[in-house]
Every structure is written in structure tokens, then in C-alpha cells.
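K.L.:
All residue numbers for the sequence shown refer to this note's numbering, where the first residue is 18 and numbers rise by one.
Idealized CB from N, CA, C, for every residue including glycine.
This structure is a prediction, so every number in the text was calculated from the model and none was measured.
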Amino acid sequence: MKVFLTRRISGEGIKILQTSGVCEVSMWDSDEPLPRAELLKRVQGVDGLLCLLSDKIDAEVLDAAGPKLKVISTLSVGYDHLVMEELKCLYCLFISGIRVGYTPDVLTDATAELTVALLLATARRLPEGIEEVKNGGWSSWKPLWMCGYGLSGSTVGIVGLGRIGMAIARRLLPFGVQRLLYSGRTAKAEAAEVKGEFVPLDTLLAESDFIVISCSLTPETQGMCNKEFFSKMKNTAVFVNSSRGAVVNQEELYQALATGQIAAAGLDVTTPEPLPTDHPLLTLQNCVVLPHVGSATYSTRGIMMGLAARNLLAGLQGTAMPSELHY
Ligand SMILES: O=C(O)[C@H](O)CO
18 MKVFLTRRIS GEGIKILQTS GVCEVSMWDS DEPLPRAELL KRVQGVDGLL CLLSDKIDAE
78 VLDAAGPKLK VISTLSVGYD HLVMEELKCL YCLFISGIRV GYTPDVLTDA TAELTVALLL
138 ATARRLPEGI EEVKNGGWSS WKPLWMCGYG LSGSTVGIVG LGRIGMAIAR RLLPFGVQRL
198 LYSGRTAKAE AAEVKGEFVP LDTLLAESDF IVISCSLTPE TQGMCNKEFF SKMKNTAVFV
258 NSSRGAVVNQ EELYQALATG QIAAAGLDVT TPEPLPTDHP LLTLQNCVVL PHVGSATYST
318 RGIMMGLAAR NLLAGLQGTA MPSELHY
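#1: C106 by DSSP, collapsed to three states: which one?
#2: Between which two residues does the beta strand (DSSP E) harbouring Y315 extend?
#3: Give the straight-line distance between the Cα atoms of T336 and H343, rounded to the nearest whole angstrom.
#4: Assign G193 to one of three DSSP states: helix, strand, or coil.
#5: When you compare only the Cα positions, how much space is there between S173 and F227?
#6: Just how far apart, CA to CA, sit Q35 and T125?
#7: Leaving out five residues on either side along the sequence, give the residues of the same chain with a beta carbon under 6 Å from the beta carbon of L284.
#8: Excluding five sequence neighbours on each side, which residues of the same chain lie with their C-beta closer than 7 Å to the C-beta of V39?
#9: Tell me which same chain residues have a C-beta within less than 8 Å of the C-beta of Q61, skipping the five on either side of it?
#10: T132 and G311: beta carbons closer than 8 Å?
#11: Could you give the distance in angstroms between the alpha-carbon of D219 and the alpha-carbon of P297?
#12: Rank N303, G240, T253, S248 by C-alpha distance to the C-alpha of A275 and give the top, closest one.
#13: To which residues does DSSP link I74 through a beta bridge?
#14: Do V264 and C232 have their CB atoms nearer than 8 Å?
#15: Mind reading off the beta-carbon distance from V229 to I185? Whole number of angstroms is fine, and I expect it under 8 Å.
#16: For the alpha helix (DSSP H) containing V150, list its first residue and its last residue.
#17: In angstroms with no decimal places, state the Cα-to-Cα distance between G165 and K251.
#18: My output table needs one value for G118: the three-state DSSP class, helix, strand or coil.
#19: How is the alpha helix (DSSP H) around L222 delimited, first residue to last?
#20: State yes or no: is the beta carbon of V133 nearer than 8 Å to at least one beta carbon in chain C?
#21: So, helix, strand or coil for E290, using DSSP?
#22: Please state if the CB of S71 and the CB of P50 are separated by a distance shorter than 8 Å.
#23: Say yes only if the C-beta of S340 is nearer than 7 Å to one or more non-hydrogen atoms of ligand 1, and no if none qualify.
#24: If you drop the 5 nearest sequence neighbours on each side, which residues of the same chain put their C-beta closer than 6 Å to that of T288?
#25: So is the beta-carbon of T253 under 7 Å away from any non-hydrogen atom of ligand 1?
#26: Would you tell me roughly how many angstroms separate the C-alpha atoms of D295 and P144, rounded to the nearest one?
#27: V20 and L67 - do their beta-carbons sit closer together than 8 Å?
#28: For P121, which option in G146, E103, A129, G95 has the closest C-alpha, if you only look at C-alpha atoms?
#29: Work out the CA separation of D64 and T139 for me, nearest whole Å.
#30: Within its chain, find whatever has a CB closer than 8 Å to the CB of R187; leave out the 5 residues flanking it on each side and keep chain order.
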């Protein structure tokens, strides 16, 4: 069987595939994404595809791959880059169905940790402070200079209290957070562990000092953080997004930050990625932007690659996947 990997994969992940005796591996041997035309060419006739969140997998890719394609394994927990409606259509067409593997759980801790780091960096203005040290702006200790917002005694609102949202909540509580609010489709029994109060989104926006977006990108959440959303937040509130960039209307976020509607924003995800270096958000002191590094620890990325490889193999062999996405 033939498999194609859309990026250079190393360590355990590649070893599992190359020594499996099950598949012939070909890979886009680069750290940079492959051009779309190349993807369409390289998937022809494959039985399995290992892709990244930067590869849009839609009907065009499935058509180019052809009827042998049995499994798609994505090196991510998010799967908004897989056009599920089109996968389902193909499912109807060929009846056999394409199985999908993904990498939940293994990146929860790393992503939660990074989200907390981003929240603190944004609220306590770390990038600005570091810059001031370097550029001579640090003239003396001044009572109100470089002041920001602290977590102690605060109210934190988490939009999407899933696996990662819960892990963020657990890490934030020891900072002395007083109330933890959350919104989403349904109340969660596990929220009791973090004393989470399930509230309507409007309540969360009005009462939170820190708002953390940790939901998946879906048609319902696309563009959810818009002018109206920001207008309901406190002027002193800090907004943090480590889910997907498209949950935020970036033009309206820029306005909210530039006009003082909200205090600051920390973003680990943007639209597009990378964010162009001349993007207006990058001109703002009160906006901290990271290059989508939530899961970027050596160990987490290694485990993700191993899991994605095992999902791919299981899909080829028709056995139980360690992490299958049932769609
Ligand atoms: O979806 C994911 O897996 C994250 O955004 C990157 O690790």
C-alpha cells in the first residue's frame, strides 16, 4: 500500500511507518508546506494520507487521490481543514468510507500551558517590557509604568470547556482566580472539578476579566468574536485565543484594541497563518501574537507524530485506530 506524508516527519512517527512492512512511504521532504498542485499530484493512487492542519483536504484532493484512499491521518487535534461534508459525500459515493485519525489528548497539556503563558505575557505586558529594556525606555522605577492586570481575585471566562479548556482552567485556578465561568453548547459535569459556572455567553462577556477561547472552529463559531462580542466585554478585560484564528473577526478585534474597547489580546492563532508582517494587529502594543505554537514542545510533537503514524497504519490494516474521528 502507498502512503503520502505532506510534510517531513521524523523520529518514532517515520520509524513506525518505514518498519511496518505494510506501506511504501513517500513524503514531502521539507519543513515548509507543499504547494497545492504538488499535493494533488502526489496523492494520486495512495491508500493513506498523513496531513497537517495547513493542508485543506476537500473533494478535489479526494478526487485526485482516487478510490484506493482508505485513511486520512491528521497531525492535529483540530480538523477544520478536513472538509467533512465532502468526505461524507465521498463516503456515500464509494460506500467503503474513508477513516480519519487525529491526535486528541496528547497535546492538551502543552497547549494549556502555552495558553496560560500567553495570557500572562499579554496581561502583564511582557513583550512590551522586554522591548523597553532593550530600547532604553526603562528610565527608572515608576509607580504606574508597565502596569497590567493580575489573575488574583479575578473572574476568568472560558469559551469551550473541552479537554484543553479544562486543562487551562486547572492551571489558572492556583493563581487565585475567584470565579471561573464557561460557555458552550452544554453544561459539563467535569466542570465541578474547577468550580466552573455554566453561564450564557453574554454573562461571561460582561463579567470576565480574562476571556479564553478554547472551542473548535465550526460554522457556529466562525467569526463569533466580532464587534458585538467585544462590545460586551469590560474595557479592562484581556482576550486570549489559542483555538483557531477564524473564530475571531480580526478587523473588529483591531478596532476593539485600538479604541480601548478591550484592554489587550493574546493570539496564538490567526487568519491567515502566517499573519502578514504588515498586518495592523502587529502595530498594536496591546496585542501579543504567537506563531501557532500551542503544542510545540519536543516531546508533544514527537508523541503526535507517533500517534498520527499509528492511526494511519491502523486505517490501512483495517484495525482499531488509537484515535479515530467518527464523523
Ligand atoms: O489542532 C491542533 O493540533 C493544534 O492547533 C496544533 O497542535
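P.N.:
Concretely, from the data shown:
#1: The count along the sequence shown starts at 1 and reaches residue 106 at position 89. DSSP, read as helix, strand or coil, puts C106 in helix.
#2: On the sequence shown, position 298 is the one that residue 315 refers to. Here Y315 belongs to no beta strand (DSSP E); instead the alpha helix (DSSP H) covers 315–334.
#3: By one-based count along the sequence shown, residue 336 stands at place 319. By one-based count along the sequence shown, residue 343 stands at place 326. Approximately 14 Å, taken between the alpha carbons.
#4: Walking along the sequence shown from the start, residue 193 turns up at place 176. Secondary structure at G193: coil, using DSSP grouped into helix, strand and coil.
#5: Here residue 173 refers to the residue found at position 156 of the sequence shown. Here residue 227 refers to the residue found at position 210 of the sequence shown. Rather than Ser, the amino acid found at residue 173 in this sequence is Val. Going by the C-alpha atoms only, they are around 5 Å apart.
#6: Within the sequence shown, numbered from 1, the residue matching residue 35 stands at position 18. Within the sequence shown, numbered from 1, the residue matching residue 125 stands at position 108. Taken atom to atom, the span from the alpha-carbon of Q35 to that of T125 is near 28 Å.
#7: Position 267 of the sequence shown, counting from 1, holds the residue named residue 284. Within the same chain, Cβ atoms closer than 6 Å to the Cβ of L284 are found at N258, V306, the five residues on either side in sequence being excluded.
#8: To locate residue 39, count along the sequence shown from 1; it is residue 22. Excluding five sequence positions before and after V39, the CB atoms of its chain that fall closer than 7 Å to its own CB belong to M18, L330, L333, Q334, given in chain order.
#9: As a first step, residue 61 is located in the sequence shown; it is residue number 44 there, counting from the start. Same-chain partners within the cutoff: A81, A82, G83.
#10: As a working mapping, residue 132 is identified with position 115 in the sequence shown. As a working mapping, residue 311 is identified with position 294 in the sequence shown. With respect to G311, T132 sits close: the two C-beta atoms are nearer than 8 Å.
#11: Taking the first residue of the sequence shown as position 1, residue 219 is located at position 202. Taking the first residue of the sequence shown as position 1, residue 297 is located at position 280. One C-alpha to the other measures close to 28 Å.
#12: For the purposes of this step, residue 275 is identified with residue 258 of the sequence shown, where counting begins at 1. Closest option to A275, Cα to Cα, is N303.
#13: On the sequence shown, position 57 is the one that residue 74 refers to. Per DSSP, L99.
#14: As a first step, residue 264 must be located in the sequence shown, where it is residue number 247. As a first step, residue 232 must be located in the sequence shown, where it is residue number 215. At a Cβ-Cβ threshold of 8 Å, V264 and C232 count as neighbours.
#15: Walking along the sequence shown from the start, residue 229 turns up at place 212. Walking along the sequence shown from the start, residue 185 turns up at place 168. The pair is a contact, with the Cβ atoms about 6 Å apart (cut-off 8 Å).
#16: The sequence position of residue 150 within the sequence shown is 133, counting from 1. That run of the alpha helix (DSSP H) goes 143–152.
#17: Taking the first residue of the sequence shown as 1, we reach residue 165 at position 148. Taking the first residue of the sequence shown as 1, we reach residue 251 at position 234. Using only the alpha carbons, I get a separation of about 14 Å.
#18: Along the sequence shown, read from residue 1 onward, the residue named residue 118 stands at position 101. Strand at G118.
#19: The residue you call residue 222 lines up with position 205 of the sequence shown. Counting along the chain, the unbroken alpha helix (DSSP H) around L222 starts and ends at 218–224.
#20: The structure shown has no chain C; it contains just one protein chain.
#21: Start at 1 with the first residue of the sequence shown, and residue 290 comes out as number 273. Three-state DSSP puts E290 in coil, outside helix and strand.
#22: Walking along the sequence shown from the start, residue 50 turns up at place 33. Walking along the sequence shown from the start, residue 71 turns up at place 54. Closer than 8 Å, so yes.
#23: As a first step, residue 340 is located in the sequence shown; it is residue number 323 there, counting from the start. In this structure, S340 has its beta carbon at no less than 7 Å from each heavy atom of ligand 1.
#24: On the sequence shown, residue 288 is found 271 positions in, with the first residue counted as 1. So the qualifying residues of the chain are G262, A263.
#25: Indexing the sequence shown from 1 puts residue 253 at position 236. It does not: the Cβ of T253 is nowhere closer than 7 Å to a heavy atom of ligand 1.
#26: Counted from its first residue, the sequence shown places residue 295 at position 278. Counted from its first residue, the sequence shown places residue 144 at position 127. Approximately 18 Å between the Cα atoms of the pair.
#27: In the sequence shown, counting from the first residue as 1, residue 67 sits at position 50. In the sequence shown, counting from the first residue as 1, residue 20 sits at position 3. For L67 and V20, yes; Cβs fall inside 8 Å.
#28: In the sequence shown, counting from the first residue as 1, residue 121 sits at position 104. Taking only the C-alpha atoms, the option nearest P121 is G95.
#29: Taking the first residue of the sequence shown as 1, we reach residue 139 at position 122. Taking the first residue of the sequence shown as 1, we reach residue 64 at position 47. Near 45 Å, if we compare the C-alpha coordinates of D64 and T139.
#30: Within the sequence shown, residue 187 is the residue found at index 170, counting from 1. Correct list, in chain order: A129, E210, V211.
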